[in-house]
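Asker: I have a structure here, written as structure tokens, and I will follow up with some questions on it.
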Amino acid sequence: MDVTSRSATDNAAAFDAHHDDVFGRIATRYDVLCDLFSLGIHRLWKRRVARCIAEESWDTLLDGATGTGHIVQHILAHASTRDRRVIASDISPKMLAIAERRLASHRDRVELRLLDAESMPAIADASVDAYSISLGLKICDRRRALSEAFRVLKPGGRLIVLEASTIAWAPLHRAYLAYMSLCMPALGWLATGGDASAYRYLLQGVREFPSAEALAREIAGHGFTDVRFERLSLGIVAIHVGRKPGGAR
Ligand SMILES: C[S@@+](CC[C@H](N)C(=O)[O-])C[C@H]1O[C@@H](n2cnc3c(N)ncnc32)[C@H](O)[C@@H]1O
0 MDVTSRSATD NAAAFDAHHD DVFGRIATRY DVLCDLFSLG IHRLWKRRVA RCIAEESWDT
60 LLDGATGTGH IVQHILAHAS TRDRRVIASD ISPKMLAIAE RRLASHRDRV ELRLLDAESM
120 PAIADASVDA YSISLGLKIC DRRRALSEAF RVLKPGGRLI VLEASTIAWA PLHRAYLAYM
180 SLCMPALGWL ATGGDASAYR YLLQGVREFP SAEALAREIA GHGFTDVRFE RLSLGIVAIH
240 VGRKPGGAR
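For the sequence shown, numbering that gives the first Met the number 0 assigns the number 0 to the initial residue and increments by one for each residue that follows.
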């Protein structure tokens with residue numbers, strides 16, 4: 000796969016954080032909105048991906064598009080991560096401010112950084128042991144984000160992605176998309192007092208994001224090996240894990 004050429008479909012939501020500070024506008028309501036849209040199920044996904052990340056071998060983890068720090072909080076709660084360091088990063092200062100408050104009791108182990116997942120020149124090549132991104136890949140240019148993940152990981156480092164996916168039984172997937180198309184803009188509009196733009200992006204991202212199999216091929220196309228995935232909630236989301244070649248297994 001040629002990972003250097005970009006296409007419009009590389010950014011499933013057609014979202015550009017540099018042009019629309021949507022997450023800054025909804026930051027204080029983001030967690031409640033997640034509960035509303037997923038009927039609370041996002042909490043299970045976040046716990047699961049946090050466990051999956053905690054169980055990987057790393058000393059320094061970079062979490063991209065960390066949002067309000069919910070997943071990092073779960074990661075740090077795992078006994079196995081007691082002596083490990085997490086860099087929690089996001090492009091939105093307002094989302095990061097909430098993450099900072101949420102993670103205040105772990106200040107000695109967490110560094111908060113304002114970073115664009117598509118281009119992180121402040122992070123040196125081969126400098127982190129693990130890179131995670133959850134529900135963020137569909138709203139950025141995933142070729143650029145995956146290239147950056149590969150660059151900053153040390154040989155042998157782990158990539159962990161939680162993202163929207165496709166329910167294998169097509170009629171159920173269509174029904175799910177119909178539910179999302181009806182509920183997301185309406186609830187988003189109500190909950191934000193008339194600004195449903197975030198949910199237009201997220202809905203488009205869910206619709207346009209590749210299937211779990213296709214994403215696994217894309218990840219492998221960036222040079223990752225041992226790529227595997229696990230579907231959650233019938234495939235509404237999936238967790239992908241890959242390894243940068245080299246280093247110890
Ligand atoms: C749907 S939220 C996911 C937040 C968190 N990972 C979670 O699972 O709750 C998407 C986050 O991605 C951030 N984001 C959007 N584009 C980004 C980019 N290019 N680089 C870094 N973060 C970005 C937004 O500011 C927002 O906090």
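Using N, Cα and C, we set each Cβ at its ideal position, and we do this for glycine too.
These numbers were taken from a predicted model, which means no experiment stands behind them.
Could you tell me which residues DSSP pairs with residue 55 in its beta bridges?
Answerer: According to DSSP, residue 55 bridges with nothing at all.
Asker: Using the Cα positions of residue 125 and residue 107, report the straight-line distance between them to the nearest angstrom.
Answerer: Cα-Cα distance, rounded: 23 angstroms.
Asker: Alpha carbons only, please: which of 102, 238, 234, 151 is nearest the one belonging to residue 133?
Answerer: Per the Cα distances, 238.
Asker: Beta carbon of residue 51: closer than 8 angstroms to some heavy atom of ligand 1?
Answerer: Answer for residue 51: no, Cβ out of range of ligand 1.
Asker: Please state whether DSSP places residue 13 in a helix, a strand or coil.
Answerer: Reduced to three states, the DSSP call for residue 13 is coil.
Asker: Where do the ends of the beta strand (DSSP E) carrying residue 137 lie?
Answerer: Neither: residue 137 is in no beta strand (DSSP E) and is coded neither H nor E.
Asker: What does DSSP give as the partner residue(s) for residue 158 in the beta ladder?
Answerer: DSSP output for residue 158 lists 130, 241 as bridge partner(s).
Asker: Please classify residue 209: is it buried, with 16 or more other beta-carbons within 10 angstroms of its beta-carbon, or exposed?
Answerer: When all chains shown are included, residue 209 counts as buried.
Asker: Any Cβ of chain C within less than 9 angstroms of the Cβ of residue 71?
Answerer: Judged by its chain identifiers, the structure shown contains no chain C, having just a single protein chain.
Asker: For the alpha helix (DSSP H) containing residue 83, list its first residue and its last residue.
Answerer: Residue 83 -> no alpha helix (DSSP H), and no H or E assigned at all.
Asker: Measure the beta-carbon distance from residue 200 to residue 12 and round it to whole angstroms, keeping in mind my assumption that it falls under 8 angstroms.
Answerer: That pair is a contact at about 4 angstroms.
Asker: Mind pulling the alpha helix (DSSP H) runs of 4 or more residues that sit fully within the region 141–202?
Answerer: Listed in chain order, they are 141–151, 169–190.
Asker: Looking at C-beta atoms only, is the number of pairs between the region 24–36 and the region 182–196 that lie closer than 8 angstroms three or more?
Answerer: Yes: at least three Cβ pairs fall under 8 angstroms.
Asker: In angstroms, rounded to a whole number, what distance separates the CA positions of residue 252 and residue 170?
Answerer: In this structure the chain extends from 0 to 248, so residue 252 is not present and cannot be described.
Asker: Just to confirm, does residue 268 get its C-beta within under 8 angstroms of one of the non-hydrogen atoms of ligand 1?
Answerer: In the structure as shown, the chain starts at 0 and stops at 248, and residue 268 therefore has no counterpart that could be examined.
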